[in-house]
Amino acid sequence: MGFYLSTLPSKEIMPGYHGKLVHTETMTLVCWEVEQGAVVPEHHHPHEQIMHVMEGEFEFTLNGITQVYRQGAVVPIAAHLPHSGKALTPCRLMDVFSPPRTEYQ
């Protein structure tokens, strides 16, 4: 059964990153509202991830390579690769993780 994201509560998973989360048996979808200047420190995880920039400008470093991504960009992130990011403007991002991010529940 479907629903609207607007009906989900938002969780601040890390400072400046407010996410609406949808979990299934095999994946997690997170729609983020990101405050300008909010940083995700370098990290890695066993999950595959796809990041989609829906609005704004997001500086993203993947495996030591930094690029600025804008609306419409899609970035596949392999499991275990180090990555970090910073919102250069207020951003709306969508992340899909597989397997699910159980620590976000």
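At position 51 of the sequence shown the residue is numbered 56 (my numbering), and the sequence of numbers has no breaks.
Quick reminder that beta carbons are idealized off the backbone N, C-alpha and C, glycines included.
These numbers were taken from a predicted model, which means no experiment stands behind them.
- Within a 10 Å sphere around the beta-carbon of Gln41 sit fewer than 16 other beta-carbons, which makes this residue exposed.
- A Cβ-Cβ contact shorter than 8 angstroms links Thr66 with Ser89.
- Take Gly24, set aside five residues on each side of it, and the residues of its chain with a beta-carbon closer than 7 angstroms to its own are Ser15, Lys16, Ile18, Val35, Cys36 and Trp37, in chain order.
- Given a length threshold of 3 residues, each whole run of the beta strand (DSSP E) inside the region 66–106 is given here in chain order: 70–74, 79–82, 88–92 and 96–103.
- Contact between the region 61–75 and the region 6–13 is absent: fewer than 3 CB-CB pairs across the two stretches fall below 8 angstroms.
- Bounds of the beta strand (DSSP E) holding Met59 are Glu53 to Glu60.
- The beta-bridge partner set that DSSP reports for His28 consists of Thr33.
- Partner residues in the beta bridge of Glu38, as assigned by DSSP, are His23 and Arg97.
- Contact check for Ala78 against Val101 fails: the beta carbons are separated by 8 angstroms or more.
- Around Gln76, the same chain offers Val58, Met59, Glu60 and Gly61 as residues with beta carbons nearer than 8 angstroms, after the five sequence neighbours per side are excluded.
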